[in-house]
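Undergrad: Using this note's numbering, the letters of the sequence shown correspond one by one to residues 1391 to 1596. For glycine and all other residues, C-beta sits at the position ideal for the given N, C-alpha and C. All values derive from a computational prediction rather than experimental measurement. Got a structure for you, written out below as structure tokens; questions coming shortly.
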Amino acid sequence: MKLVISLLLSYLIGSIPSGFLLTKFVMKKDVREYGSGNIGATNVARVMGLKAGILVAIFDILKGYIALMVGQYILGSSAPELYILLIAAASIAGHDWSVFLGFSGGKGVATTFGVILRLYPAAFVVYAVIWILIVFKTRYVSLGSILGSITLPFTVFFTGYSRINIYFAVLLSLFIIYTHRANIKRLINGNENRMDPKKLGSSGKK
């Protein structure tokens, strides 16, 4: 029963659509109707500006972290690793398939960041550094997310985590790559959107 409660709470916390709520209540607009149509921080930045995008990113990271922390508290310190990883997955699923948005959502990168921060702090640092370097160099947020995710299983492996955690890291990496499949096609074709600081907030004015 504790596992069921933890999974449900984690999913519901992950389901809170911060990007949608912020644009809806501040701008009276549905972020899904602008830019890429995504509710995540990147599209919110394009619609409302950099500060709004950062705010959404922080909130979405906290969703993953807090959902996992709450689940760990409910289950206790003796909970099997598998249960903890299922709770982590539930929070990401909540973001990607939010019950509050008709089971639609974002790509789950920021919420995955929160999960990684809670489970694998060293891997979080590596992922974050690579993401920052790639985004600042290329202005492709999607490329930073994809390349950063590829390092995740290796960092988890080399920092001595158990086999089930390594498998979970592989699944997280593959999932992020999968959710960015359209971005990958655009990157290959050379028509992926860059994050231009001068244009942030312009999508919401259309």
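1) Who are the Cβ neighbours of P1407 in its own chain at under 6 Å, not counting the five residues just before and after it?
2) In three-state terms, what does DSSP make of S1467?
3) What's the C-alpha gap between A1513 and S1539?
4) Nearest CA to the CA of F1547: which residue from T1569, V1516 and R1529?
5) Please confirm whether I1567 and I1574 have their CB atoms less than 9 Å apart.
6) When you compare only the Cα positions, how much space is there between S1535 and I1395?
7) Got a sec? Which residues, its chain only, sit under 6 Å from D1486 by beta carbon, not counting five neighbours each side?
8) Pull up the DSSP beta-bridge partners for S1488, would you.
9) Would you kindly check if the distance between the Cβ of M1585 and the Cβ of T1432 is under 9 Å?
TA: According to the structure shown:
1) I1429, S1488, F1490 and L1491
2) coil
3) 10 Å
4) V1516
5) yes
6) 31 Å
7) G1495 and G1498
8) S1494
9) yes
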